[in-house]
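**Q**
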Amino acid sequence: MTIKNKKDLYSSIEQLEKVINQQETILKKFDNEQLDFEQIKKLENLLIQEREKAKQVQIKINRSVLQNNSENYKERKKRTRQLIQKGALLEKYLEAKHLTVDETEQLLQIFANMINEQKPDKYKKSLDSSSKLFFYFIIHNLLSTPWAIDTTILFCFFYF
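Plus 10 on top of the position in the sequence shown (first one is 1) and you've got our numbering.
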């Protein structure tokens, strides 16, 4: 059983803390009281059970951490592969093998505006809901207050 999300992880940590507190309570009882042999055996068994529970919770936490590290590693590996492929395409089509990183960036900056303007719609980023709300707000203000047109256009220019 692995821990799927942070909520499960925190609940497992809380379980572990609860078990540790129970162990401390058992040890305090053991130290403070004069107990007979049967009571000592019961307390020892309880202590063993609580330590086993703590060990199981710790194992769950360790598994989830390892799984999370594994997933992060896979995502990093996928991202690295994607960057390598894009870099190879850049070198192939722009003959940029001989250019340094800074020179490549300068070359891309020269053509970026032209490429982005002529990019087909299916390759453009779609507007998220916050951008749509922002545009609605701008249009609403333009229609309600004509004198705000100049400042709104200026603001849009700097926003994008």
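C-beta atoms are modelled at their ideal positions from N, C-alpha and C, and glycine is treated no differently.
1) Cβ of E60 within 7 Å of Cβ of Q33?
2) What would DSSP say about D131, mapped onto helix, strand or coil?
3) Would you identify the three-state DSSP class for L109, choosing helix, strand or coil?
4) Can you grab the Cα-Cα spacing for the pair K88 / K134, in whole Å?
5) From T35 to V67, what does the alpha carbon distance come to, in whole angstroms?
6) Does the beta-carbon distance from L99 to A106 come in below 7 Å?
7) With DSSP run on the structure shown, which of helix, strand or coil describes I163?
8) Please check the pair K63 and V29, which I expect to be a contact at CB under 8 Å, by giving their CB distance rounded to whole angstroms.
**A** Looking at the coordinates:
1) Against the sequence shown, residue 60 aligns to sequence position 50. Against the sequence shown, residue 33 aligns to sequence position 23. Yes; because the gap between Cβ atoms is below 7 Å, this pair is in contact.
2) Counting from one through the sequence shown, the residue named residue 131 turns up at place 121. DSSP places D131 in helix when its eight states are reduced to three.
3) Here residue 109 is taken as the residue at index 99 of the sequence shown, counted from 1. Coil at L109, not helix or strand.
4) In the sequence shown, counting from the first residue as 1, residue 88 sits at position 78. In the sequence shown, counting from the first residue as 1, residue 134 sits at position 124. For K88 and K134, the distance between alpha carbons rounds to 22 Å.
5) Stepping through the sequence shown from its first residue, residue 35 is reached at position 25. Stepping through the sequence shown from its first residue, residue 67 is reached at position 57. Using only the alpha carbons, I get a separation of about 19 Å.
6) Mapped onto the sequence shown, residue 99 falls at position 89. Mapped onto the sequence shown, residue 106 falls at position 96. Not in contact: L99 and A106 (Cβ atoms no closer than 7 Å).
7) In the sequence shown, counting from the first residue as 1, residue 163 sits at position 153. Here the model assigns I163 a pLDDT of 45, short of 50, so the residue's position is not dependable and the matter cannot be decided.
8) Residue numbering aside, residue 63 sits at position 53 when the sequence shown is read from its first letter. Residue numbering aside, residue 29 sits at position 19 when the sequence shown is read from its first letter. Indeed, because the Cβ distance is near 5 Å, the residues count as touching under 8 Å.
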